[in-house]
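From first to last, the protein sequence lines stand for chains A, B, C and D.
Note that the UniProt record's numbering gives residue 49 to position 49 of the first sequence, counting from 1, and the numbers run on in steps of one.
Note that the UniProt record's numbering gives residue 38 to position 38 of the second sequence, counting from 1, and the numbers run on in steps of one.
Note that the UniProt record's numbering gives residue 102 to position 102 of the third sequence, counting from 1, and the numbers run on in steps of one.
Note that the UniProt record's numbering gives residue 370 to position 370 of the fourth sequence, counting from 1, and the numbers run on in steps of one.
Notes follow once the structure below has been shown.
There are 4 protein chains.
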Amino acid sequence: MDFAYDDETNALLEQVGAFMDAEVFPNEGRLREEIDQLAADDAWTFPAVVGEVRAKAKEQGLWNFFLPGYEGPHGRGLTNLQYAPIAELTGRSIQLAPSAFNCAAPDTGNMEVLHLFGTPEQKEQWLEPLLEGTIRSSFAMTEPQVASSDATNIELSIVRDGGDYVINGRKWWITGAMNPDSAIFIVMGKTDPEAERHRQQSMILVPRDTPGLEIKRGMRVFGYADRDHGGHAELAFHDVRVPASNIIGGEGEGFAIAQARLGPGRIHHCMRSIGLAERAIEMMCQRAASRVAFGKTIAEQGVVRDWIAESRVRLEQLRLLVLKAAWLMDTQGNKAAHTEIQAIKIATPATVEWILDKAIQVHGAGGLSQDFPLAEWFAGMRTLRFADGPDEVHKTSLARAELRKQLR
Amino acid sequence: MDFAYDDETNALLEQVGAFMDAEVFPNEGRLREEIDQLAADDAWTFPAVVGEVRAKAKEQGLWNFFLPGYEGPHGRGLTNLQYAPIAELTGRSIQLAPSAFNCAAPDTGNMEVLHLFGTPEQKEQWLEPLLEGTIRSSFAMTEPQVASSDATNIELSIVRDGGDYVINGRKWWITGAMNPDSAIFIVMGKTDPEAERHRQQSMILVPRDTPGLEIKRGMRVFGYADRDHGGHAELAFHDVRVPASNIIGGEGEGFAIAQARLGPGRIHHCMRSIGLAERAIEMMCQRAASRVAFGKTIAEQGVVRDWIAESRVRLEQLRLLVLKAAWLMDTQGNKAAHTEIQAIKIATPATVEWILDKAIQVHGAGGLSQDFPLAEWFAGMRTLRFADGPDEVHKTSLARAELRKQLR
Amino acid sequence: MDFAYDDETNALLEQVGAFMDAEVFPNEGRLREEIDQLAADDAWTFPAVVGEVRAKAKEQGLWNFFLPGYEGPHGRGLTNLQYAPIAELTGRSIQLAPSAFNCAAPDTGNMEVLHLFGTPEQKEQWLEPLLEGTIRSSFAMTEPQVASSDATNIELSIVRDGGDYVINGRKWWITGAMNPDSAIFIVMGKTDPEAERHRQQSMILVPRDTPGLEIKRGMRVFGYADRDHGGHAELAFHDVRVPASNIIGGEGEGFAIAQARLGPGRIHHCMRSIGLAERAIEMMCQRAASRVAFGKTIAEQGVVRDWIAESRVRLEQLRLLVLKAAWLMDTQGNKAAHTEIQAIKIATPATVEWILDKAIQVHGAGGLSQDFPLAEWFAGMRTLRFADGPDEVHKTSLARAELRKQLR
Amino acid sequence: MDFAYDDETNALLEQVGAFMDAEVFPNEGRLREEIDQLAADDAWTFPAVVGEVRAKAKEQGLWNFFLPGYEGPHGRGLTNLQYAPIAELTGRSIQLAPSAFNCAAPDTGNMEVLHLFGTPEQKEQWLEPLLEGTIRSSFAMTEPQVASSDATNIELSIVRDGGDYVINGRKWWITGAMNPDSAIFIVMGKTDPEAERHRQQSMILVPRDTPGLEIKRGMRVFGYADRDHGGHAELAFHDVRVPASNIIGGEGEGFAIAQARLGPGRIHHCMRSIGLAERAIEMMCQRAASRVAFGKTIAEQGVVRDWIAESRVRLEQLRLLVLKAAWLMDTQGNKAAHTEIQAIKIATPATVEWILDKAIQVHGAGGLSQDFPLAEWFAGMRTLRFADGPDEVHKTSLARAELRKQLR
């Protein structure tokens, strides 16, 4: 048992940290201004600053950290456990850093799907430019009419018609899809509603410009449009036709691919959330130590020290659990890490939301406004309680597994 | 001891309820659309629908319920306890109903200040049109640089200069002030920083169009601009000059007036929040009973019934406490109700936030979006934990009083 | 709407308060010593001090406050709402005061059952001495093998045999039954397991000395034997034979009687718990103000003021809800108060446990020991989460009612 | 980074697990009976079964796992990290297992003190028999009159008088000291109240039979006397005289020794608590799956699955934090682990109390009684919130450190 990061990870942490100090943190203000401008113009492209920082990062080889075992020209071959602390670091500037290193969701998960299940042609056409960072992508799974936590509920239909598939249905909360740079959509639907429960679904590639694909509107989260990561679109598919070769991994493979995609993405999300929580604790401390009321700093009064201590105690525990989940995935496979992957999905938003709520409270009403990023982070964190299904579904499943284990 | 509303209240509840069924609820969709249009135009006036509904309510005499003891041409003379359940009812449609009946903050508090402390001239010039509903108003107390929970921190200066006062300083979170209809601002500042702690502050009337009054920007709450109630402005006062007769109640009276204004406003806020929570419970139940996952409605699964029961149990307790505070104010004066007024300030956002969080969770990701009002309500409720100072300040004060009482 | 107690209640509160100051609080130490002695002797009779204080209270006419509408020689005819604040007051010295005024559970509920459903003979034989206070009683409902929250689970059998009933089965948690003074047991069992769900159960009177009634052992609660209220016995009924005239209200009436017994008892329990919580807040404040660590009193540090404030805010809300439930019972009947009676069952232990936990924490490790009553109170309060079925059952039921109401 | 236990640990876990299956779990019932008998006799010696199981464990070399680096005849030389999972395992049968392997507090901490700071003579006289298990010991630090979390508050005086020290003062909560087998007490007091804050205190060895050492009474925790670990005594020292050679490490070393003793003991406590929580989860699952109410098992209803899932998620996080603290102590020293050692002190009782509360609730009222160990475990866990000072003191200290770190 060893709780230290390995040398490669430490070296990379130093490099990435230096880059963030030099290029990321100093550009947060500019990013904010450019996004305000985009909002005023109702435009959804990436702010210019993102492109500039990405170019510098790529030039320095700080790029595509996330693909375990992939040591191609654009990959580093890091394990999940090695990448995890890097993801945490990028979470400290969550609007800019993940994108800067071409490590932003949903591109990461999509690249992983193509890497693991794509045909050589699919890889050449879509994986390469994604790894290069010349295009972005979306992942279309959630549907408005049904409880998406139950995959059998999915209604979008993918019907074979000669050499094509024809797609009809609706999707929403499709992150990145408002951004015209998002060139390719991986779409989950049903090819065979009569098949066995987990063999009904398939995934298929739909280029953005395919006729019949309508991008209806951007969903808001607590009033935020999330332009920094391309919004969250509602989509309608009206007889959208793509060649049969666009299917990923074959008909009926959709559920299995979704499961495979899930684990690493969960690690990324959770570690970034931890980094964001670290930044919030930092802000909370700095504010508490500098703000004076009734003759003393806030840090010397009432419950604020209790909040700081609780934040630290909770976050340390959470980080270790996420790292253990990554380690289990690396050493024993995603399946062996199943309980831990569910556990971090449940624990992360609960812990980080709590910390953000307290950080906001220490900042006064300003903490809810555009003058600090805390409320926007809270909004993002709140969505995690629904990501890949509401927490309650995951808790029920985890409890069932625990009951089985204890009654064996 | 009697827990039933009196006959006058019940009759009025029926009338107001009928109006809301006929004119308010059916117009919520239109309000939403008009606000979206205002947002697109970056305009801050009231949506047309508000004016129309207001006109109808006024015509039916459903107007100005809030001024205890004031039975003038536009008032009903209701006690705080009688008005409280009406306020609750309007909270069920919080974006439209309070304004419809000319019972929206901060106008209500401002009218109360003018009614109690205004000179005949001030009343004629500002109270009359406010009661008529031909103008709106703002209340400028909070400042960006200091912890406003400590009134001695206030920095805005009001300096006598001949027959005028000259005002310099900054304010923020000034609700309603982005709206050009907001014609008059009641501004809290310091006339004598050397006076005794609670005699330094004064309140003064500043018409919107006074030179030197700069409306800088609208503060956001989470991502919401709150156009439905005129936004929350940041203001700068650059040598703003008003006649000496604009002072309210005399120099040094500011703190006392602020305290007097506080109690009834607290009742209004809290009761409206309870109405909003009732609507959220209603939505939670309807969603839970209609949404199916894994073969059963959500209402039949896991923790949802626990949430519904807890919501009911908590809300019943809260309502009674707010009503008791109103009764104390009516029968024994605001001072006697001090602990209760603090208690409802602490209890209300805690309870209602909890209920909204669960209602959102039952709605899935949509609950966070523009498709339901829940996230926007949550944002509004979250601000109450800062209203009139953060909860922590009120808790400390309440605890000090409790300690004094117990150690007597 | 009126939140003031009526004159009769206030006068009685003063009288009872004076008696408690003179006779109850000063005897708490002696009670503790006598109970320790009983424990050393493994005896279960009432400590001598209880009898002495009871005699004085009876002499002063401070006796049997609890029977609504009963103005016999030993009753006061108070409504539930009038008795409620008296019950709160007795809760401040919960080991001695309720018994002192002949207002202790389960006697109160048992007297109510006999008053409402007993035959003249039953009343003469058992109700009279109970009202006189010459005997005590027990109520035997809960069974060890089954989840008693579901009344259809009850297994104890009551079989007609000629002019007798023959009883077989087991009961546990039968409060008071370890005490030889407990002369009569009201026993719930099944006379007809084939009848309609809520007509299977009957209640029957079983004198303590009936052959076949075995008092097996005292159940402990967190290590406490609860000798002050006669312990909690496990009982076995081996062919226990009583005359048919011992049935209460007729065969099949058991469930209905249990329901009728529930409401007032719930009010009593909850109000006493509130009184106990008031005493705990008092102790918490006094300790916090007197204990010094790191150069300041505990009251001036960290989270203690937050705890005190929260305690006050929560307790005020709870009291109002219990009083409203009492008022509903008085004015509209037990059935109309159903939701409120469930709500106070859920809310009371949650609130009071929280307060006690904090009061203990302020007292340091001593707070858990025999030097203060706090841990023992906590233990008693913890059992309320199971009383009349676990909270979870009541929440589910309350939520079902809420869903029905909202979906109407 | 590696989350697997090393081979030596795994081998030992298997051995210890096998011993527990064979000798510990089967004897829990007998232990309970013997303790009940001791209670009836008001005796404080160890139950016979403890001696028997200890003899077997010692014979098999399963003995003294806890002393890091000590590979003497009776030690295993395990690191803190290696011992930690063994401690967890023993926590599953906390009344018997730690004692069985001679790994029970406070003996472990006392042996560590003697091992690190004792003179050769002290070691021979006291450490040897403790390691052999022929005597037991106590550690006397907490005092009744003062907040012991502040070491400068300590009042017991240790005054040099010729070749002796003379000791006067009071102590309480001295675990084990009611048991006559506890032959030696390590006593913390002040040798120089004028010295620098952390040089005033000394530790001194006081044999049980020293004249003037009065064992006054056993403190109860809730209603438990804790006879299984020798109770918690209140002590009075009346001119207790011991030779000067009984001082440990020299005058003024008391605070430093106390700090050194703290870290490993904290790991032991926390890991045992985790083992106990694991057993509670096991019991909760088995009960939930077997108890039927309203036609379904409890496991299929309401919030129970939520509780099981939360229990698992919280406990996994906690364990990792405790293990990391152990690893830090082993690899970087106790000082480097300071924050983690505080964090686990705060996190452990909070998490385990929560789990026990839910396990109790699933067991119904029986869960609070002598029929299950859950309430007794809860009581023990509740004391941890005071152990080595109340949590609030540790939180304040941890927050101060965090503030310093963030403001650097």
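C-beta atoms are modelled at their ideal positions from N, C-alpha and C, and glycine is treated no differently.
Subject >> As assigned by DSSP and simplified to three states, the class of Asn-102(D) >> reply: Within the fourth sequence, the letter at position 102 stands for residue 102(D). Residue state, collapsed to three classes: coil.
**OP:** Determine the closest residue to Leu-78(B) out of Asp-150(B), Phe-66(B), Pro-98(B), with distance taken between C-alpha atoms.
**Re:** Indexing the second sequence from 1 puts residue 78(B) at position 78. Looking at the Cα atoms, Phe-66(B) is the closest of the given residues.
Original post:
How would you list, in chain order, the residues of chain B whose beta-carbon sits under 9 Å from the beta-carbon of Asp-306(C)?
Top reply: In the third sequence, residue 306(C) corresponds to position 306, counting from 1. The contacting residues are Glu-392, Lys-395, Thr-396, Ala-399.
Original post:
So, Gly-212(C) versus Ser-182(C), is the Cβ gap smaller than 9 Å?
Top reply: Residue numbering aside, residue 212(C) sits at position 212 when the third sequence is read from its first letter. Residue numbering aside, residue 182(C) sits at position 182 when the third sequence is read from its first letter. No. Outside cutoff.
Subject >> Residue environment, Thr-175(B), which counts as buried when at least 16 other CB atoms sit within 10 Å >> reply: One-based indexing of the second sequence puts residue 175(B) at position 175. So Thr-175(B) counts as buried.
Subject >> Residues in the segment 281-298 of chain B having any Cβ partner in chain C nearer than 8 Å >> reply: Ile-281, Glu-282, Cys-285, Gln-286, Ala-288, Ala-289
Original post:
At a Cβ threshold of 9 Å, is Gly-302(B) touching chain A?
Top reply: Position 302 of the second sequence, counted from the first residue, corresponds to residue 302(B). Closer than 9 Å to some Cβ of chain A, the Cβ of Gly-302(B) qualifies, so yes.
Subject >> For Val-113(C) and Glu-196(C), the rounded distance between their alpha carbons >> reply: For the purposes of this step, residue 196(C) is taken as the residue at position 196 of the third sequence. For the purposes of this step, residue 113(C) is taken as the residue at position 113 of the third sequence. Those two C-alpha atoms are separated by around 23 Å.
**OP:** Can you give me the start and stop residues for the alpha helix (DSSP H) that Ala-40(A) sits inside?
**Re:** The residue given as residue 40(A) occupies position 40 in the first sequence. 28-41 is the span of the alpha helix (DSSP H), which, as asked, contains Ala-40(A).
**OP:** Starting from the beta carbon of Ala-375(B), find every residue of chain A whose beta carbon is closer than 7 Å, and list them in chain order.
**Re:** Within the second sequence, residue 375(B) is the residue found at index 375, counting from 1. Residues of chain A passing the Cβ test: Phe-222.
**OP:** Could you tell me whether the segment 153-165 of chain D touches the segment 13-31 of chain D, using the rule of 3 or more Cβ pairs below 8 Å?
**Re:** no
Subject >> Nearest-angstrom Cβ-Cβ length linking Met-284(B) and Val-362(B), presumed shorter than 8 Å >> reply: Numbered from 1 along the second sequence, position 284 holds the residue referred to as residue 284(B). Numbered from 1 along the second sequence, position 362 holds the residue referred to as residue 362(B). Right, the Cβ-Cβ distance comes to about 5 Å (below 8 Å), so this counts as a contact.
**OP:** Identify every residue that forms a DSSP beta bridge with Val-240(B).
**Re:** Against the second sequence, residue 240(B) aligns to sequence position 240. DSSP output for Val-240(B) lists Ile-167(B) as bridge partner(s).
Original post:
Since Arg-319(C) is in the alpha helix (DSSP H), which residue starts that stretch and which ends it?
Top reply: Within the third sequence, numbered from 1, the residue matching residue 319(C) stands at position 319. 304-332 is the span of the alpha helix (DSSP H), which, as asked, contains Arg-319(C).
Subject >> Distance between Ala-97(C) and Val-50(C) (C-alpha atoms, nearest Å) >> reply: On the third sequence, residue 50(C) is found 50 positions in, with the first residue counted as 1. On the third sequence, residue 97(C) is found 97 positions in, with the first residue counted as 1. Between Val-50(C) and Ala-97(C), the C-alpha separation is close to 9 Å.
**OP:** Buried or exposed for Asn-10(B), please, with buried defined as at least 16 other CB atoms from any protein chain shown within 10 angstroms of its CB.
**Re:** Within the second sequence, the letter at position 10 stands for residue 10(B). It counts as exposed.
Original post:
Hey, how far is the Cα of Trp-126(B) from the Cα of Ala-387(B)?
Top reply: Mapped onto the second sequence, residue 126(B) falls at position 126. Mapped onto the second sequence, residue 387(B) falls at position 387. Going by the C-alpha atoms only, they are around 25 Å apart.
Original post:
Quick one: what does DSSP say Leu-130(C) is sitting in, helix, strand or coil?
Top reply: Here residue 130(C) refers to the residue found at position 130 of the third sequence. Correct three-state label for Leu-130(C): helix.
Original post:
Per DSSP, which one or two residues make a beta bridge with Lys-190(B)?
Top reply: By 1-based counting over the second sequence, the position of residue 190(B) is 190. In DSSP, Lys-190(B) forms a bridge with Ser-157(B), Gln-201(B).
**OP:** Using a threshold of 9 Å, state whether the C-beta atoms of Gly-218(B) and His-232(B) are closer than that.
**Re:** Within the second sequence, the letter at position 218 stands for residue 218(B). Within the second sequence, the letter at position 232 stands for residue 232(B). Cβ atoms of Gly-218(B) and His-232(B): closer than 9 Å.
**OP:** Please confirm if Gln-361(D) has its CB atom under 9 Å from at least one CB of chain A.
**Re:** Within the fourth sequence, residue 361(D) is the residue found at index 361, counting from 1. No, its Cβ sits nowhere closer than 9 Å to a Cβ of chain A.
Subject >> Option in Leu-323(D), Glu-353(D), Trp-354(D) with minimal Cα separation from Glu-340(D) >> reply: For the purposes of this step, residue 340(D) is taken as residue 340 along the fourth sequence, with counting starting at 1. When only C-alpha atoms are compared, the closest one is Leu-323(D).
**OP:** Return the residue from the list Leu-130(C), Leu-89(C), Asp-2(C) that minimises the CA-CA distance to Glu-14(C).
**Re:** Within the third sequence, the letter at position 14 stands for residue 14(C). Here the closest residue by C-alpha is Leu-89(C).
Subject >> Contacting residues, own chain, Cβ-Cβ under 8 Å from Lys-335(B) (five flanking each side not counted) >> reply: By 1-based counting over the second sequence, the position of residue 335(B) is 335. Here the set comprises nothing.
Original post:
Glu-71(C) CB to nearest chain B CB: under 9 Å?
Top reply: Position 71 of the third sequence, counted from the first residue, corresponds to residue 71(C). No, Glu-71(C) does not count as interfacial toward chain B.
Subject >> Secondary structure of Ala-299(B), DSSP reduced to three states >> reply: Within the second sequence, numbered from 1, the residue matching residue 299(B) stands at position 299. Correct three-state label for Ala-299(B): helix.
**OP:** Tell me, please, whether the segment 346-361 of chain A touches the segment 107-123 of chain A by the rule of three or more beta-carbon pairs shorter than 8 Å.
**Re:** no
Original post:
In angstroms, rounded to a whole number, what distance separates the CA positions of Ala-325(D) and Ala-18(A)?
Top reply: Within the fourth sequence, residue 325(D) is the residue found at index 325, counting from 1. Within the first sequence, residue 18(A) is the residue found at index 18, counting from 1. One C-alpha to the other measures close to 29 Å.
Original post:
What in chain A is Cβ-close to Arg-385(B), meaning under 7 Å?
Top reply: For this step, residue 385(B) is matched to residue 385 along the second sequence. Gln-361, listed in chain order.
**OP:** Kindly indicate if chain F contains any beta-carbon less than 9 Å away from that of Glu-8(A).
**Re:** Annotation note: the requested chain F is absent from the structure, which comprises protein chains A, B, C and D.
**OP:** Throw me the rounded Cβ distance for the Leu-318(B) and Gln-317(C) pair, which I believe falls under 8 Å.
**Re:** Indexing the second sequence from 1 puts residue 318(B) at position 318. Indexing the third sequence from 1 puts residue 317(C) at position 317. With a Cβ gap of about 6 Å, Leu-318(B) and Gln-317(C) count as contacting.
Original post:
Are there 16 or more other CB atoms within 10 angstroms of the CB of Leu-276(A), so buried, or fewer, so exposed?
Top reply: If you number the first sequence from 1, residue 276(A) lands on position 276. Buried.
Original post:
For Met-20(D), which of Lys-56(D), Leu-374(D), Arg-291(D), Glu-310(D) has the nearest alpha-carbon?
Top reply: Within the fourth sequence, numbered from 1, the residue matching residue 20(D) stands at position 20. That would be Lys-56(D), whose Cα lies nearest to the Cα of Met-20(D).
Subject >> Reference Pro-144(B), options Gly-249(A), Ala-365(A), Met-381(A), Asp-41(A), closest by Cα >> reply: Walking along the second sequence from the start, residue 144(B) turns up at place 144. If we check each option's Cα against that of Pro-144(B), Ala-365(A) comes out closest.
Original post:
Below 9 Å between beta carbons: does that hold for Ala-172(D) and Thr-152(D)?
Top reply: As a working note, residue 172(D) is residue 172 in the fourth sequence. As a working note, residue 152(D) is residue 152 in the fourth sequence. One detail in the question is off: residue 172(D) reads as Trp in this sequence, not Ala. No, the Cβ-Cβ distance between Trp-172(D) and Thr-152(D) is not below 9 Å.
Original post:
Which value, in whole angstroms, describes the spacing of the CA atoms of Ile-135(A) and Phe-294(A)?
Top reply: Along the first sequence, read from residue 1 onward, the residue named residue 135(A) stands at position 135. Along the first sequence, read from residue 1 onward, the residue named residue 294(A) stands at position 294. C-alpha separation (whole angstroms): 54 Å.
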